[in-house]
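The next block holds one structure in the form of structure tokens; read it before the comments.
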Amino acid sequence: MKNKYTACFEKDGDFWIGYVPELPGANTQGETIEEARENLKEAIQLILEANRKISQKRFKGKSVICENILVPA
Numbered sequence: 001m002k003n004k005y006t007a008c009f010e011k012d013g014d015f016w017i018g019y020v021p022e023l024p025g026a027n028t029q030g031e032t033i034e035e036a037r038e039n040l041k042e043a044i045q046l047i048l049e050a051n052r053k054i055s056q057k058r059f060k061g062k063s064v065i066c067e068n069i070l071v072p073a
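So this is what it looks like as structure tokens:
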């Protein structure tokens, strides 16, 4: 499954800072914009994976229905 996120990049001295406004905590840096972009992709993946694990622990043993929903942009 692929999702689209808004990636913002700002030049700060010798580095590029990257962040995703709609995903708090998804931010990174790199010496080039390409490096910042790749680092940001990894940060997004790690945040989503961590959030899934937290949710699984939270709902374990409870009667909860979880399902995927599609939301148009």
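Residue numbers (the numbering used here): 1 to 73.
Built from N, CA and C at the ideal position, the CB exists for glycine as well.
Here the structure is a predicted model, which is why all the values come from computation and not from measurement.
Taking Cβ to Cβ, would you say residue i is nearer than 8 Å to residue j?
| i | j | result |
| --- | --- | --- |
| R52 | A7 | no |
| I47 | L23 | yes |
| N39 | G18 | yes |
| I33 | F9 | yes |
Less than 8 Å between C-beta atoms, sequence neighbours within five positions excluded: which residues of the same chain meet that for residue i?
| i | result |
| --- | --- |
| I44 | Y5, V20, L23, A26 |
| W16 | F9, E10, Q29, G30, E31, T32, I33, E35, A36 |
How far does the alpha helix (DSSP H) with residue i in it reach, from first residue to last?
| i | result |
| --- | --- |
| K57 | 33–59 |
Considering residue i, what are the terminal residues of the beta strand (DSSP E) in which it resides?
| i | result |
| --- | --- |
| N27 | 27–30 |
| D12 | 8–12 |
To the nearest angstrom, report how far apart residue i and residue j are at their CA atoms.
| i | j | result |
| --- | --- | --- |
| S63 | K2 | 29 Å |
| K57 | V71 | 25 Å |
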